[in-house]
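What follows is a single structure, written as C-alpha cells, with notes after it.
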Amino acid sequence: MDYPTIDFGWIGNGNLIGMMAVLHVMINHAVAIGGSILMVSIEYVAVKQQNERLEAFSRWLSKWILIITTTLGAMTGVGIWFTTTVIQPYAIGSLLRIFHWAWFTEWLVFVSEVVLILMYFYTWDKWSGDKKKLHLRTGVALCVMSWFTLVLITGILAAQINPGNWAETLSFWSAFLNETWIPSTLFRTFAAISLGVALLAPFTRWFVKNKLDRVTVLKLFGKWLVVSVPLMIAFGVWYQRTLPEKAQALVVWGSGMSDFTFAVINVTGLLLIFVLGIMLLDGRANFPVSLTLFTALFSLLLLAEFEIIRENIRKPYVIYNYMYANGVLKSDLERYKKEGMLGESRLSGITKVTDANKLQAGEELFRMQCISCHSIDGARRSRAMTVRVNGWSEEAIASFIPQMHQVRPAMPPFAGNEEEVKALAAYIHSVVSEKQATTGSSPASK
1 MDYPTIDFGW IGNGNLIGMM AVLHVMINHA VAIGGSILMV SIEYVAVKQQ
51 NERLEAFSRW LSKWILIITT TLGAMTGVGI WFTTTVIQPY AIGSLLRIFH
101 WAWFTEWLVF VSEVVLILMY FYTWDKWSGD KKKLHLRTGV ALCVMSWFTL
151 VLITGILAAQ INPGNWAETL SFWSAFLNET WIPSTLFRTF AAISLGVALL
201 APFTRWFVKN KLDRVTVLKL FGKWLVVSVP LMIAFGVWYQ RTLPEKAQAL
251 VVWGSGMSDF TFAVINVTGL LLIFVLGIML LDGRANFPVS LTLFTALFSL
301 LLLAEFEIIR ENIRKPYVIY NYMYANGVLK SDLERYKKEG MLGESRLSGI
351 TKVTDANKLQ AGEELFRMQC ISCHSIDGAR RSRAMTVRVN GWSEEAIASF
401 IPQMHQVRPA MPPFAGNEEE VKALAAYIHS VVSEKQATTG SSPASK
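Put into C-alpha cells, the structure is as follows:
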C-alpha cells in the first residue's frame with residue numbers, strides 16, 4: 001500500500017464515486033453536449049426565419065448552459081478527480097501514465113469550450129446583422145469542442161473495460177483505439193442529444209409563449225429525437241458486442257434487476273422516448289407537460305442505469321485484465337498469496353500477523369483490499385458486511401475469503417497469505433458482531 005486509505009463510512013467509497021460520476025455525466029451529456037446542439041439549432045432556425053422570439057429563446061438557453069456547465073459541470077468534474085484519486089489512487093495513477101497526453105488535450109479542449117460558451121453568450125448583441133454568421137459559427141465550434149471532450153474521455157473509459165493488446169504493447173494507441181471506443185462514442189453522442197431533447201421539451205412548453213414558435217421548436221426537437229433514438233440503439237448494440245464476453249454476461253446483473261424487469265424498463269423507456277419524438281413532430285403547441293416531465297426523468301434514470309452497468313461489468317477489474325477493483329495488479333496476485341501483502345505496504349505499521357495484532361492487521365487488510373467497494377455498515381446494503389456476512393462465524397468467513405472470486409466472479413481474488421486471510425476474517429467478524437450487538441440484532445448462526 002503506497003497511498004493512505006480514506007473511509008467515507010456509511011456513504012461507501014464506491015457509492016461516492018458513482019454518485020459524482022452519474023451527476024457529472026448527466027450535466028455533460030444533457031446540457032453541455034445535447035443542450036448546446038439544440039441551442040445552436042434553434043438559433044439557426046431563428047436566423048433563417050428572421051424570428052427574434054426564437055433567437056431570444058436560444059439566448060435564454062445559452063445563459064443557463066453557461067451557468068450550469070461552468071458551475072455544476074466544472075465542480076462535479078473536479079469532484080470525480082477528487083473521489084477517484086483518494087479512493088482509487090492506483091487506478092488513476094495507471095490511467096494517467098497511459099493517457100497523460102489524452103487528459104492534457106482534454107483539459108485544453110475544456111478550456112476552449114469555456115471560452116467559446118463565454119464568447120457565444122456575450123456576443124449576442126455585438127455579433128448581429130452581418131456578423132450573425134460569425135455568432136452561429138462560434139456556436140457550432142462550441143458544439144464540436146463539447147463533443148470532442150466526450151470523444152477523448154470515452155476513449156479512456158472504453159480502455160478500462162477493453163484495453164485491447166495494450167498489456168503486451170504498452171502503446172497509448174493500442175489502449176485508446178480499442179474496438180469499444182467508436183461504438184461507445186457514437187452511442188453517447190446520440191444519447192446526449194436524446195437526453196437534451198427530453199430535458200428541454202418541458203421548458204419549451206413553459207418559456208416559448210407564441211404557439212407557432214413553440215410548434216417550430218417542438219418539431220425541430222422531434223426531428224433530432226426520431227433520428228437519434230434509433231441510432232443510439234444501433235450503436236448501443238454494437239457497443240455491447242465489442243465488450244469482453246464475461247462483461248456482456250454481467251450486463252443485467254450490473255443493473256441490479258431481474259432479466260424481466262431489466263427488459264421491461266429499458267424497452268419501455270426507449271419506446272417512450274421515441275414516441276415522444278413522433279408526437280413532437282406532430283407539432284402540437286399544447287403538449288402535455290406531465291408527459292415531457294416523466295420522459296425527462298425516465299431518460300435521466302436510463303442514463304444513470306447505463307453508468308452503473310458500465311462500472312459494474314468491469315468487475316472484478318478496474319482496468320480489464322490488468323488491475324483488480326481494489327488496485328491490486330493481476331500480475332502481483334500470486335506473489336502476494338505466497339509472501340503476503342502487509343510486508344510490502346509502505347504505510348502500514350504492521351508487516352506480519354501475530355496474535356497480538358491480528359485485529360489491527362485485519363483492519364489494515366480490509367482498508368487495502370475491500371474498502372473501495374464494501375463498507376462495514378453502509379447505505380448500499382448489498383455491499384455492507386453487516387448484511388453480507390450476517391450470522392457467519394469467523395471460521396466460515398475465513399473459509400469463504402480464499403474462494404470468494406469463484407463463488408462471486410465479480411469479486412477480486414484475495415491477495416494475501418493464509419495468516420492474512422485469518423486476520424481479515426477475525427476483523428470482519430469482530431466489527432460485524434459489535435455492530436449487531438449495538439443494534440440489538442440476533443442473526444442465526446451459520
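Residue numbers (UniProt numbering): 1 to 446. By construction, the Cβ of each residue, glycine as well, lies at the ideal position given by its N, Cα and C atoms.
Could you check which residue in the options has the C-alpha nearest to that of residue i?
i: Ala159; options: Leu72, Ser194 and Ala91; result: Ala91
i: Lys209; options: Leu54, Ala102 and Asp2; result: Leu54
i: Leu170; options: Arg97, Trp181 and Ser228; result: Arg97
i: Ser62; options: Trp107, Thr76, Asp7 and Cys143; result: Cys143
i: Val45; options: Met385, Lys315, Arg214 and Gly256; result: Arg214
i: Phe148; options: Gly343, Thr261, Leu333 and Trp103; result: Trp103
i: Leu424; options: Lys352, Arg381 and Arg380; result: Lys352
i: Asn266; options: Asp282, Leu280, Leu300 and Asn286; result: Leu300
i: Val115; options: Pro89, Ser146 and Glu344; result: Ser146
Is the Cβ-Cβ distance between residue i and residue j less than 8 Å?
i: Leu38; j: Gly196; result: yes
i: Asn417; j: Lys358; result: no
i: Ala415; j: Met323; result: no
i: Ala410; j: Leu199; result: no
i: Met232; j: Ala191; result: yes
i: Val217; j: Ile42; result: yes
i: Ile397; j: Val389; result: yes
i: Gly93; j: Asn28; result: no
i: Ile193; j: Ile87; result: no
i: Thr154; j: Ser184; result: yes
i: Gly12; j: Arg380; result: yes
i: Pro412; j: Asn326; result: yes
i: Phe366; j: Ile273; result: no
Alpha carbon to alpha carbon, how far is residue i from residue j?
i: Thr105; j: Val151; result: 11 Å
i: Lys246; j: Gln406; result: 14 Å
i: Leu271; j: Ser433; result: 48 Å
i: Asn312; j: Asp377; result: 21 Å
i: Gly173; j: Ile80; result: Residue identity check: residue 173 is Trp in the sequence provided, not Gly. So the two alpha carbons sit approximately 24 Å from each other.
i: Leu95; j: His374; result: 23 Å
i: Thr180; j: Gly164; result: 9 Å
i: Leu66; j: Ile33; result: 12 Å
i: Val140; j: Phe187; result: 20 Å
i: Gly9; j: Ile17; result: 13 Å
i: Val252; j: Leu243; result: 14 Å
i: Phe82; j: Trp166; result: 27 Å
i: Ala304; j: Thr268; result: 16 Å
i: residue 469; j: Phe262; result: With the chain running from 1 to 446 in the structure shown, residue 469 is simply not present.
i: Arg241; j: Ala234; result: 11 Å
i: Ile156; j: Asp332; result: 24 Å
i: Ala444; j: Gly391; result: Here the model assigns Ala444 a pLDDT of 42, short of 50, so the residue's position is not dependable and the matter cannot be decided.
i: Ile68; j: Trp107; result: 18 Å
i: Phe203; j: Val226; result: 19 Å
Which residue marks the beginning of the alpha helix (DSSP H) containing residue i, and which one marks its end?
i: Ile156; result: Lys132 to Ile161
i: Phe400; result: Glu394 to Phe400
i: Arg335; result: Leu333 to Glu339
i: Asp213; result: Lys211 to Arg241
i: Tyr90; result: Pro89 to Ile98
i: Phe207; result: Trp181 to Phe207
i: Ala296; result: Val289 to Asn312
i: Gln369; result: Lys358 to Gln369
i: residue 453; result: For residue 453 there is no data in the structure shown, the boundaries of the chain being 1 and 446.
So the beta strand (DSSP E) residue i belongs to, where does it begin and stop?
i: Val318; result: Tyr317 to Ile319
May I ask you to report which of helix, strand or coil DSSP gives residue i?
i: Ala410; result: coil
i: Tyr322; result: coil
i: Leu118; result: helix
i: Leu347; result: coil
i: Leu170; result: coil
i: Ser258; result: coil
i: Asn128; result: Here residue 128 turns out to be Ser, not Asn, going by the sequence shown. In the structure shown, Ser128 sits in coil (DSSP, three-state: anything other than H, G, I, E or B).
i: Ser375; result: strand
i: Ala384; result: strand
i: Leu329; result: strand
i: Gly164; result: coil
i: Leu72; result: helix
i: Ile42; result: helix
i: Asn266; result: helix
i: Phe8; result: coil
i: Val421; result: helix
i: Val389; result: coil
i: Gln50; result: coil
i: Ser442; result: Note that Ser442 scores a pLDDT of 47, beneath 50, so its modelled location is shaky; the value from the coordinates is reported in the next line. Looking at Ser442 - three-state DSSP - the assignment turns out to be coil, as it is neither helix nor strand.
i: Gly14; result: helix
i: Tyr427; result: helix
i: Val25; result: helix
i: Arg284; result: coil
i: Val111; result: helix
Does at least one heavy atom of the ligand MN sit under 7 Å from the Cβ of residue i?
i: Asp125; result: The ligand MN is not part of the structure shown, which contains no ligands of any sort.
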